[in-house]
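Student:
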Amino acid sequence: MGRAFEYRRAAKEKRWDKMSKIFPKLAKAVTVAAKEGGSDPDMNAKLRTAIQNAKAENMPKDNIEAAIKRAEGKDAAAYLEINYEGKGPHGVLVFVECATDNPNRTVANVKSYFSKAGGGLVPTGSLEFMFSRKAVFEFDKPEGIDLEELELELIDAGVEEIEVEGETVYVYGDYTNFGNLSTALEEKGIEPNKSTLKRYATTPVEFTEEQLEEIEKMIDKIEDDDDVQAAYTNIA
Numbered sequence: 297m298g299r300a301f302e303y304r305r306a307a308k309e310k311r312w313d314k315m316s317k318i319f320p321k322l323a324k325a326v327t328v329a330a331k332e333g334g335s336d337p338d339m340n341a342k343l344r345t346a347i348q349n350a351k352a353e354n355m356p357k358d359n360i361e362a363a364i365k366r367a368e369g370k371d372a373a374a375y376l377e378i379n380y381e382g383k384g385p386h387g388v389l390v391f392v393e394c395a396t397d398n399p400n401r402t403v404a405n406v407k408s409y410f411s412k413a414g415g416g417l418v419p420t421g422s423l424e425f426m427f428s429r430k431a432v433f434e435f436d437k438p439e440g441i442d443l444e445e446l447e448l449e450l451i452d453a454g455v456e457e458i459e460v461e462g463e464t465v466y467v468y469g470d471y472t473n474f475g476n477l478s479t480a481l482e483e484k485g486i487e488p489n490k491s492t493l494k495r496y497a498t499t500p501v502e503f504t505e506e507q508l509e510e511i512e513k514m515i516d517k518i519e520d521d522d523d524v525q526a527a528y529t530n531i532a
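In my numbering, the protein residues as written are 297 to 532.
1. Alpha carbon to alpha carbon, what distance is there between G384 and G414?
2. Pull up the distance between the alpha-carbon of K490 and that of V465, whole angstroms please.
3. When we look at the beta-carbon of T472 and count the other beta-carbons within 10 Å, is it buried (16 or more) or exposed?
4. What residue from S428, F425, E424 and E463 has the CA that sits closest to L443's CA?
5. In whole angstroms, what separates the C-alpha of A346 from that of G387?
6. Near N379, which residues of its chain fall below 6 angstroms by C-beta distance, leaving aside the five closest residues on each side in sequence?
7. Give the straight-line distance between the Cα atoms of A453 and L343, rounded to the nearest whole angstrom.
8. Tell me, please, whether the region 418 to 434 touches the region 493 to 503 by the rule of three or more beta-carbon pairs shorter than 8 angstroms.
9. Could you check the C-alpha separation between Y375 and G440 for me, to the nearest Å?
10. Less than 7 angstroms between C-beta atoms, sequence neighbours within five positions excluded: which residues of the same chain meet that for P500?
11. With a threshold of 8 angstroms, are at least 3 pairs of Cβ atoms found where one atom belongs to the region 319 to 332 and the other to the region 348 to 367?
12. Does the beta-carbon of V460 have 16 or more other beta-carbons within 10 angstroms, so that it is buried, or is it exposed?
13. Spell out the partners DSSP gives T498 in its beta bridges.
14. For E381, count the other beta carbons within 10 Å of its own beta carbon; 16 or more makes it buried, fewer makes it exposed. Which is it?
15. Could you please give me the residues that DSSP links to G415 through a beta bridge?
16. Name the two residues that bound the continuous alpha helix (DSSP H) containing E512.
17. Leaving aside the five residues before and after G475 along the sequence, list all residues of the same chain whose C-beta is less than 7 angstroms from its C-beta, in chain order.
18. Report all residues from its chain with a CB closer than 8 angstroms to the CB of A527; omit the five preceding and five following residues, and keep chain order.
19. Could you compute how far the alpha carbon of D521 sits from the alpha carbon of P320?
20. Given this structure, state the Cα-to-Cα distance separating V507 from A350, to the nearest angstrom.
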């Protein structure tokens, strides 16, 4: 059928593969948030954020509503949010955030990903000081708003930095100011495309291309696990 068809098919398969991996994680985040704080997003900021992030990845509305209903069910799984820390090949540091209904399964899986790559888990809390946790908001550059002025107006809410990449604006603050910044942006009429908590390495490390290939193989396996919500490294 020709190269064009093969290219389109490959692109679709790549997109479907991405969706098959990310949608269950987004749905779990919605379910966890709804179970913790209730199914009304207007009264539950965490759920509102989870829904917002799901929509940003083009997750269908039906999937989002189904995830909320799962939290309301009598037999809804009780998810535990738990972190694992480890060292991978070439000494790379990895912080893994999970949401699981079976911690024994999750720790066994995560441990195996590290050990098969020649690394291993380290005691909880060992890497906390190696990563700073930030509230991150991403939105389209708004018309009629001076970003320098916006940054000044967000100081009381805890903004640390505003970056612009093309037509996208990123607002950063300490993770403890997530709620304050979210409210402040809402009051300004700014609706983020994504808002989340992320970890950034305090001392990023350079690796060679060969080392990165080996490291990324391990990270791919970790991120493919259904219980893993995010994995952060100290790669520069």
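Backbone N, C-alpha and C define an ideal beta-carbon position, used for all residues, glycine too. Bear in mind that the values here come from a model prediction, so they are computed numbers and not experimental data.
Tutor: To lay it out plainly:
1. The residue you call residue 414 lines up with position 118 of the sequence shown. The residue you call residue 384 lines up with position 88 of the sequence shown. About 7 angstroms.
2. The residue you call residue 490 lines up with position 194 of the sequence shown. The residue you call residue 465 lines up with position 169 of the sequence shown. Rounded to the nearest angstrom, the two C-alpha atoms are 11 angstroms apart.
3. Numbered from its first residue, the sequence shown carries residue 472 at position 176. By the neighbour-count rule (16 or more Cβ atoms within 10 Å), T472 is not buried but exposed.
4. As a working note, residue 443 is residue 147 in the sequence shown. Per the Cα distances, E463.
5. Position 50 of the sequence shown, counted from the start, is the residue given in the question as residue 346. Position 91 of the sequence shown, counted from the start, is the residue given in the question as residue 387. So the two alpha carbons sit approximately 33 angstroms from each other.
6. As a first step, residue 379 is located in the sequence shown; it is residue number 83 there, counting from the start. Cβ neighbours of N379 beyond the five flanking positions: E393.
7. Against the sequence shown, residue 453 aligns to sequence position 157. Against the sequence shown, residue 343 aligns to sequence position 47. Each residue's alpha carbon lies about 21 angstroms from the other.
8. yes
9. If you number the sequence shown from 1, residue 375 lands on position 79. If you number the sequence shown from 1, residue 440 lands on position 144. About 43 angstroms.
10. Walking along the sequence shown from the start, residue 500 turns up at place 204. So the list reads N530, I531 and A532, once near-sequence residues are dropped.
11. Touching, yes, given that three or more Cβ pairs across the two stretches are closer than 8 angstroms.
12. One-based indexing of the sequence shown puts residue 460 at position 164. Label assigned to V460: exposed.
13. Here residue 498 corresponds to residue number 202 of the sequence shown, with the count starting at 1. Answer is none; T498 lacks a bridge partner.
14. On the sequence shown, position 85 is the one that residue 381 refers to. E381 should be labelled buried.
15. On the sequence shown, residue 415 is found 119 positions in, with the first residue counted as 1. Per DSSP, none; premise fails for G415.
16. Looking up residue 512 in the sequence shown gives position 216. Unbroken alpha helix (DSSP H) run through E512: E505 to D520.
17. Residue 475 sits at position 179 when you count from the first residue of the sequence shown. Cβ within range, chain order: A341.
18. Within the sequence shown, the letter at position 231 stands for residue 527. Hits under 8 angstroms: V390, F391, V392, E393, I515, I518 and E519.
19. Stepping through the sequence shown from its first residue, residue 521 is reached at position 225. Stepping through the sequence shown from its first residue, residue 320 is reached at position 24. Cα to Cα, D521 sits roughly 10 angstroms from P320.
20. Numbered from 1 along the sequence shown, position 211 holds the residue referred to as residue 507. Numbered from 1 along the sequence shown, position 54 holds the residue referred to as residue 350. The amino acid occupying residue 507 in the given sequence is Gln; Val does not appear at that position. For Q507 and A350, the distance between alpha carbons rounds to 33 angstroms.
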